[in-house]
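Number of protein chains: 2
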Amino acid sequence: MTDREKIIKRLKEEDKFILISHMLPDGDSIGSLLAMGEGLRRSGKKVTLITPGHIPRKYTFLKGSERVKHEVLIDDPAIPVIVLDSSDPERLGLLRDEIMKSSEVFNIDHHVTNQRFGTLNYVDPEAAATGEIIYHILEDLEVEIDENIAEALYVAISTDTGSFKYDNTTPNTHRVVATLLESGISPGTISSMIFDERPLSFYILLKEALSTLELYESRRLAVMTLSKDIKDRSGATSDDLEGIVNYTRNIEGIELGILFYLDNQGEIKVGFRSKSLDVSILAGKLNGGGHIRAAGARIEGDFETVKDKVIAEACKMLKELSA
Amino acid sequence: MTDREKIIKRLKEEDKFILISHMLPDGDSIGSLLAMGEGLRRSGKKVTLITPGHIPRKYTFLKGSERVKHEVLIDDPAIPVIVLDSSDPERLGLLRDEIMKSSEVFNIDHHVTNQRFGTLNYVDPEAAATGEIIYHILEDLEVEIDENIAEALYVAISTDTGSFKYDNTTPNTHRVVATLLESGISPGTISSMIFDERPLSFYILLKEALSTLELYESRRLAVMTLSKDIKDRSGATSDDLEGIVNYTRNIEGIELGILFYLDNQGEIKVGFRSKSLDVSILAGKLNGGGHIRAAGARIEGDFETVKDKVIAEACKMLKELSA
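Going down the list, the protein sequences come from chains A and B. First residue of the first sequence: 3, per this note's numbering; consecutive thereafter. First residue of the second sequence: 3, per this note's numbering; consecutive thereafter.
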């Protein structure tokens, strides 16, 4: 019997479950938690849903989100705990020790880095989202996918795939979503709530960043600059800053985007984004690292000197590309 | 025999076809044209592909796009013409008369407003994109969906659904796309090419618009202002302007967004975007119109007077919403 089959069996046998997903909740963790909770409830089970941390406002339209708890007290360690979308127990934050006291921990996740920390582990790295796995579990439990469950699973899957744009999206992802839409949910209403929106601070920071936009190498290189002062004045967060880096690459014709960030401590953070260049090589030359299309480095020194050096390296790479 | 069946029959019988899609080509028209062309070619047919107008740069990665012609001379009116994604013959621009000379016109489209101008008409308004219809035609023709056809159809369907975010997306749309992904195409690579990118002029205009951002009614109303002078100075197009209006609504917590545009002729264009309010009512009060979440009006008069009046109406509506 596989762990998956064992989990299904235990889900059918037991009457009470504690469900928890990771801290800094995202669409997949919240959606999976609510869908799994509602599915078990519809099968006549008692469930307690927990997330260590505040649910972002954009997900609070999901039915049942108001009943999710943020703390846990395990008074009966015999109640099985279902841990969702968490690659390791550290992702449960301060609730970790309390949760790991339970005699049964079902670890259900799609992260390839999952630590198999459960007493039973159903980890499918082929799944685009934990929500995709939950869909199949509810199928196995013969739970009817009603509108509330479908909405929660749609949020889980669409957020983890960037609305089906990322390469983790598989034929199975689309087939699952086809079935979710059959319950009558509106992809338009849900998508406008979970995508598109950004905090005001982001737009203020974006305005500042766009004011510094410089183009090099026949408009193939875009450079923007921000400082901690400007970030603080905009009321912006690190998340906002992360969003800005991506904008450097979103300009038509731009091959490579760079964001310089002066952190007030004499350190310059350089973010690289590209459309076809391998920027991990570029970052590597500056003792940084990252992925092919998104990388970065931290450099100490005088800003103008660092900037000249980084732009020179970037231009060299762009020249090689066109050569 | 339905028109659909008659079209399939004729596609099997004849050896030569002319395919054309509408002017101002978009992802669906280009993708449908290329997929249908390649599908017929693989069935041993001779095809000529035409689009009246320039193919946007972001679609030129599609294989075969370099062979699409922009003019047509019908020397044999017996060759059937397949018109794709065009609700009426006017959409063919200057090529309209030449095309309509043909003795057989197969009109294949998904627009609910389609004029049924063909000798045979296969119009399916349930289809999210003409590409979705082409997929089913190729199924009927038993054409194998290779990577090139899949890529073209993916572009067609994903662009017309905003990457599956719009409410025209159906279970069938997702099922078709599941099959397309099975051919091995990369949704990540394609999506980053066709979404996310905007011209430099858009970002310059966005910076200007963000500099004018004002908030009212406990940050539930966002107002931005642009003028023709600023638009021209930014090198921006009407498309860019259209994109800016949407940004008013993309700020977290904002219920209603307004963009004022001073056109130099003493006319003020007002664009409304909302998350839950019916802005067609608001636009109606100002002799404008539109949809529930996107509407607009044109008002003559002194800017400050018009602005005060519009903002007062908007605030009144927001107050009623919270009352």
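C-beta atoms are modelled at their ideal positions from N, C-alpha and C, and glycine is treated no differently. None of these values were measured; they are calculated from a predicted model.
Can you pull the chain A neighbours of residue i, defined as C-beta to C-beta under 7 Å?
i, result
"Asp169 of chain B", "Ser188, Pro189 and Gly190"
"Tyr124 of chain B", "None at all; the shortest Cβ gap to chain A is about 23 Å."
Cβ closer than 9 Å: which chain A residues qualify as neighbours of residue i?
i, result
"Arg177 of chain B", "His176, Arg177 and Ala180"
"Asp198 of chain B", "Lys167, Asn248, Arg251 and Asn252"
Which chain E residues sit within Cβ distance under 7 Å of residue i?
i, result
"Ser193 of chain A", "Here the protein chains are A and B, and chain E is not one of them."
Consult DSSP for residue i and reduce its assignment to one of helix, strand or coil.
i, result
"Glu7 of chain B", "helix"
"Lys103 of chain A", "coil"
"Arg98 of chain A", "helix"
"Asn248 of chain B", "helix"
"Glu92 of chain B", "helix"
"Lys309 of chain A", "helix"
"Met226 of chain A", "strand"
"Lys233 of chain A", "helix"
"Gly273 of chain A", "strand"
"Thr53 of chain B", "coil"
"Arg69 of chain B", "helix"
"Gly33 of chain A", "helix"
"Glu257 of chain B", "coil"
"Glu210 of chain B", "helix"
"Glu219 of chain B", "coil"
"Ala296 of chain B", "strand"
"Ser203 of chain B", "helix"
"Leu47 of chain B", "A small correction: the amino acid at residue 47 of chain B is Lys; Leu does not occupy that position in the sequence shown. If DSSP states are grouped into helix, strand and coil, Lys47 of chain B belongs with coil."
"Asp2 of chain A", "Given that chain A is displayed from residue 3 to residue 325, the structure contains no residue 2 of chain A and the question cannot be resolved."
"Glu240 of chain A", "It should be noted that the sequence gives Ser, not Glu, for residue 240 of chain A. Three-state DSSP puts Ser240 of chain A in a helix."
"Ser278 of chain A", "coil"
"Glu302 of chain A", "strand"
"Ser185 of chain A", "coil"
"Leu21 of chain A", "strand"
"Gly291 of chain B", "strand"
"Leu86 of chain A", "strand"
"Leu264 of chain A", "strand"
Who are the neighbours of residue i on chain B, taking C-beta pairs under 7 Å?
i, result
"Lys209 of chain A", "Lys209, Leu212 and Ser213"
"Ile135 of chain A", "Simply none; closest approach about 17 Å."
"Thr172 of chain A", "Leu183"
"Tyr61 of chain A", "Under the 7 Å cutoff, chain B gives no residues; its nearest Cβ is about 13 Å from Tyr61 of chain A."
"Tyr218 of chain A", "Near Tyr218 of chain A there are no residues of chain B at all, since even the closest Cβ is about 13 Å away, more than 7 Å."
"Tyr156 of chain A", "Correct list: empty, because the minimum Cβ distance to chain B is about 10 Å."
Mind pulling the chain B residues with CB within less than 9 Å of residue i?
i, result
"Pro201 of chain A", "Ile253, Glu254 and Gly255"
"Met263 of chain A", "First, the amino acid is wrong: residue 263 of chain A is Tyr here, not Met. Within chain B, no residue comes near Tyr263 of chain A; the closest Cβ sits about 18 Å away, beyond 9 Å."
To which residues of the same chain is residue i closer than 7 Å at the C-beta, ignoring the five residues directly before and after it?
i, result
"Asp169 of chain A", "none"
"Gly268 of chain B", "Glu302"
"Glu1 of chain B", "No answer is possible for residue 1 of chain B: it lies beyond the span of chain B, which begins at 3 and ends at 325."
"Ser88 of chain A", "Ser23, His24, Leu94 and Asp111"
"Thr115 of chain A", "Ser89"
"Lys287 of chain A", "Glu315"
"Gly120 of chain B", "Val85, Val107, Phe108 and Asn109"
Please go through the same chain and pick out, in chain order, the residues whose beta-carbon is closer than 6 Å to the beta-carbon of residue i, but skip the five residues on each side of it.
i, result
"Asp142 of chain B", "Ile10"
"Tyr137 of chain B", "Leu155 and Val178"
"Ser203 of chain A", "Ser236, Gly237, Ala238 and Asp242"
"His113 of chain A", "Ser89"
"Leu140 of chain B", "Gly41"
"Asp126 of chain B", "His112 and Ile135"
"Ser31 of chain A", "Ser23, His24 and Asp87"
"Asp5 of chain B", "Leu122, Asn123 and Tyr124"
Which residues in the same chain as residue i place their Cβ atom closer than 8 Å to its Cβ, once the five residues preceding and following it in sequence are excluded?
i, result
"Phe305 of chain B", "Phe262, Leu264 and Ile270"
"Arg12 of chain B", "Pro82, Glu106, Phe108 and Leu122"
"Phe19 of chain A", "Leu13, Leu42, Lys47, Lys48, Val49, Thr50, Ile81, Pro82, Val83 and Ile84"
"Arg69 of chain A", "Leu51"
Quick check: is any heavy atom of the ligand FAD less than 6 Å from the C-beta of residue i?
i, result
"Val272 of chain B", "The model depicted lacks the ligand FAD and carries no ligand whatsoever."
Practice task
Would you check if there are 3 or more beta carbon pairs closer than 8 Å linking the stretch 156 to 172 of chain B to the stretch 132 to 143 of chain B?
Solution key: yes
Practice task
Count the C-beta pairs between the stretch 106 to 117 of chain A and the stretch 78 to 96 of chain A that are closer than 8 Å, then say yes if the count reaches three, no if not.
Solution key: yes
Handout entry: Length-filtered (3 minimum) beta strand (DSSP E) runs lying within the stretch 115 to 179 of chain B
Key = 122 to 125
Handout entry: contact_flag[the stretch 300 to 316 of chain A, the stretch 44 to 64 of chain B] where n(CB pairs < 8 Å) is 3 or more
Key = no
Exercise for the section: Kindly confirm or deny that the stretch 30 to 50 of chain A and the stretch 134 to 149 of chain A touch, where touching means at least three C-beta pairs closer than 8 Å. Expected result: yes
Handout entry: Cβ contact (3+ pairs, closer than 8 Å) linking the stretch 261 to 280 of chain B and the stretch 227 to 240 of chain B
Key = yes
Handout entry: Three or more C-beta pairs below 8 Å linking the stretch 177 to 193 of chain A and the stretch 212 to 219 of chain A
Key = no
Problem - Three-pair Cβ contact test at 8 Å for the stretch 186 to 206 of chain A versus the stretch 191 to 207 of chain B - result: no
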